[in-house]
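Number of protein chains: 2
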Amino acid sequence: MDDATEVPEASRPVTIHMVAASAGVSASTVSRALNFPELVKPGTRERVLETVERLGYQPNRAARSLALGRTASLGLIVPDIANPFFAPFVKVVQARVREANYALFLADTDEDPSTEVELALAMSQQVDGLILCSPRMPGRKLRTIAAKTPVVVANRLSRSVPSIALDFGPGVQQAVAHVHALGHRRCAYLSGPGGSWSNRQRLRAFTAHCESYGIELVVLGPYEPVFSGGYRGADEALAARVTAIFAYNDMVALGVMSRLADRGVRVPDEMSVVGFDDIEVASMTSPPLTTVAIPVDTVAKASAALLLSLLAETTPQRPAAQELATRLVIRNTTGVPKEDRI
Amino acid sequence: MDDATEVPEASRPVTIHMVAASAGVSASTVSRALNFPELVKPGTRERVLETVERLGYQPNRAARSLALGRTASLGLIVPDIANPFFAPFVKVVQARVREANYALFLADTDEDPSTEVELALAMSQQVDGLILCSPRMPGRKLRTIAAKTPVVVANRLSRSVPSIALDFGPGVQQAVAHVHALGHRRCAYLSGPGGSWSNRQRLRAFTAHCESYGIELVVLGPYEPVFSGGYRGADEALAARVTAIFAYNDMVALGVMSRLADRGVRVPDEMSVVGFDDIEVASMTSPPLTTVAIPVDTVAKASAALLLSLLAETTPQRPAAQELATRLVIRNTTGVPKEDRI
DNA sequence: CTGAAAGCGCTAACAT
DNA sequence: ATGTTAGCGCTTTCAG
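As structure tokens, this is what we get:
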């Protein structure tokens, strides 16, 4: 427990006029000394800054926003902060945005598209720009919001709004090739949320690559993209007599593994499991999970950078397509299928 | 990909005066119709609101803040957003704050106390109140910040600043009793960050209860409170010839288990492991982790509620001590020690 | 190089 | 019940 020395009561915050008075100059000079130091004579500037320091002056953001017409804050809207896939995204965006001297508003939609729209609309008026992470709202709504404030969409491709999206192709191709090489010929894809762009893309990629490798793909679900979603998925995959499971994401894969363990099905001996995302815990389970890794940090950085460059009206610095490619991380949940189960 | 129908260009945002003009009233009437509907005649009110709707008027927050002297936003500062212990905290706080019609600024200190101070200071001027989650800054700094804006401290006890802290006693007592009942007599505590209030409290509780149960406690560390911190911890605990390990938190416990598995030490047969926090993944590992559960959601809700009541100047609604108690969740990483290892 | 004055959009006395 | 006015704290022409 910290000690409890008395501390001065909060007094009225010091304004630019107090500084001006105390430094014997006008408010404009203080403003200039702070924002355009080169415009004020070194002597005066020094005196002003010293006074600012002494009085502990901090410009009132609201007043500044009002005068400037910009808020110096950005907004980030994610489906679920506590989701281990989004948390690192939030962290990286926050860091980037902060570096550029913006504050960050955060909101969580609880995976609900209409909440998403509502929050985005509400935020659009109090920020200089918005990052929508994996938005589920219809394209029309997206455009409505983009019309009110600069918007960047992450993890979804949009023609009308600047977006940073992943290329699932490479990772999925590698996953399918890997599983094919091990000898699997009948696999299941455990679908995620029907409305989600990610799910559609992943499903499409798995379908295409399985076809070209001559793997029979059984599409199951949709399942909730969470741990418990994997329970049902595991049971249904077992019933479908596949030898390998591609899960919509790692959480589902973890649920699958847990359920398989409960049912006494050994991974990878009796069933191979491939996750998606490569969230932190994927490498911490036993056995560690084979999964299609997504460069979240890259996506997050790129999203922040894109929004920032939009605001600065500099040429958007888009990442090379290659950086946004997914790739397979082979760990221990994939193996050669047991003959007797084929 | 969403379709790309043309959308009207962003025009200058509509102000209260435009609404006033269009509705044939004064700006004050519009303001009143919006903020104190009962003060304006039903007919006028209706006309105004209809105009507001038609024009899509949204009050400028900066202007409102400036006039009102309040920002309608709160700030939350956490050590690490991506940490599975803090992420749910952020989520719950966000939800609560939002319910009360506040927006939430989020910042991440990257576990650094001086960044923490810096962020808190910067935020203090643009929010109506601040929640500091598990702050590491010295008490003196805490008071400096509390002098500038209402502050609530979570996961740490403070005499000078309103705080919501946990009672580690019950959970630790149960953990020690549990392990004692299984027959363990020599255990290790893997310490977390030296400066952290949580670590001090946990260590103190383990020391006290082990003493009273006649368990010899070997204190190791400190270790980084992350997965890899558990690697070293596992090795050192093994070297110390203990039969059970109390980890500072679940991440460390997971690291311990991973390392033990690598070294071929079976859990719980050859080593029992007890975590702390009960983060989501604790129940997803195999074997599932025995751990001291913390009611994070309760702490988060309570913190938000406390700050909100401070701002509303209502009587703070503090949670009953009992709600903030920790408790042991027994899963499968604790068992009877093998004689030959004692 | 510096000061005076106007204005950002809104609210809240104060009139009427 | 509604309009007028002043002012929140800052920036920014515009003068000098």
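Protein chains in written order, with the working numbering: chain U, 1 to 342; chain R, 343 to 684.
Built from N, CA and C at the ideal position, the CB exists for glycine as well.
Alpha-carbon to alpha-carbon, residue j and residue i
i	j	result
residue 57/U	residue 491/R	15 Å
residue 367/R	residue 380/R	16 Å
residue 124/U	residue 66/U	15 Å
residue 391/R	residue 284/U	56 Å
residue 102/U	residue 468/R	12 Å
residue 271/U	residue 199/U	23 Å
residue 652/R	residue 36/U	39 Å
residue 117/U	residue 394/R	19 Å
residue 597/R	residue 263/U	26 Å
residue 2/U	residue 96/U	Bear in mind that a pLDDT of 48 at residue 2/U, under 50, signals an unreliable position, so the number given afterwards is only what the model happens to contain. Rounded to the nearest angstrom, the two C-alpha atoms are 33 Å apart.
residue 335/U	residue 183/U	9 Å
residue 666/R	residue 638/R	9 Å
residue 347/R	residue 161/U	For residue 347/R, the predicted structure reports a pLDDT of 40, less than 50, and the residue's modelled location is therefore unreliable. A value from the coordinates is still provided. Cα-Cα distance, rounded: 12 Å.
residue 107/U	residue 680/R	50 Å
residue 8/U	residue 128/U	Model confidence at residue 8/U stands at a pLDDT of 45, short of 50, so the residue's coordinates are unreliable and nothing is read from them.
residue 135/U	residue 315/U	25 Å
residue 405/R	residue 383/R	26 Å
residue 100/U	residue 157/U	25 Å
residue 483/R	residue 610/R	44 Å
residue 565/R	residue 376/R	55 Å
residue 18/U	residue 12/U	11 Å
residue 326/U	residue 426/R	24 Å
residue 165/U	residue 131/U	13 Å
residue 252/U	residue 452/R	29 Å
residue 265/U	residue 115/U	40 Å
residue 288/U	residue 522/R	32 Å
residue 331/U	residue 397/R	57 Å
residue 202/U	residue 168/U	7 Å
residue 185/U	residue 293/U	23 Å
residue 592/R	residue 389/R	59 Å
Where the beta strand (DSSP E) containing residue i begins and where it ends
i	result
residue 694/R	In the structure as shown, chain R starts at 343 and stops at 684, and residue 694/R therefore has no counterpart that could be examined.
residue 46/U	Not the beta strand (DSSP E): residue 46/U falls in the alpha helix (DSSP H), residues 42-55.
residue 195/U	Run containing residue 195/U: none; DSSP gives neither H nor E here.
residue 597/R	Unbroken run through residue 597/R is the alpha helix (DSSP H), 592-604; no beta strand (DSSP E).
residue 132/U	129-133
Paired residues, beta bridge with residue i - DSSP
i	result
residue 415/R	445/R
residue 219/U	189/U
residue 552/R	Residue 552/R pairs with nothing; no bridge assigned.
residue 327/U	293/U
residue 164/U	154/U
residue 589/R	532/R
residue 450/R	420/R
N- and C-terminal bounds of the alpha helix (DSSP H) containing residue i
i	result
residue 352/U	As shown, chain U starts at 1 and ends at 342. That puts residue 352/U outside it, with no answer to give.
residue 291/U	Where residue 291/U is concerned, there is no enclosing alpha helix (DSSP H), although the beta strand (DSSP E) it sits in stretches over 290-293.
residue 584/R	Looking at the DSSP string, residue 584/R is not in any alpha helix (DSSP H), and its letter there is neither H nor E.
residue 226/U	From DSSP, residue 226/U is part of no alpha helix (DSSP H); its letter is neither H nor E.
residue 512/R	511-524
residue 26/U	That residue, residue 26/U, is in no alpha helix (DSSP H); it is neither H nor E in DSSP.
residue 465/R	455-466
residue 335/U	Taken as a continuous stretch (DSSP letters only), residue 335/U belongs to no alpha helix (DSSP H), as it is neither H nor E.
residue 410/R	403-410
residue 381/R	That residue, residue 381/R, is in no alpha helix (DSSP H); it is neither H nor E in DSSP.
residue 140/U	139-148
Touching by the beta-carbon criterion (3+ pairs, under 8 Å), the region 658-667 of chain R and the region 473-493 of chain R
No contact exists between the region 658-667 of chain R and the region 473-493 of chain R.
Hey, is the region 299-314 of chain U in contact with the region 253-263 of chain U, meaning 3+ C-beta pairs nearer than 8 Å?
No: the two stretches stay apart, fewer than three of their Cβ pairs being nearer than 8 Å.
Just checking, does the region 184-203 of chain U make contact with the region 234-246 of chain U on the three C-beta pairs under 8 Å criterion?
Yes, since at least three Cβ pairs between the region 184-203 of chain U and the region 234-246 of chain U fall closer than 8 Å, the two stretches touch.
Kindly confirm or deny that the region 508-515 of chain R and the region 540-554 of chain R touch, where touching means at least three C-beta pairs closer than 8 Å.
Yes, the region 508-515 of chain R touches the region 540-554 of chain R.
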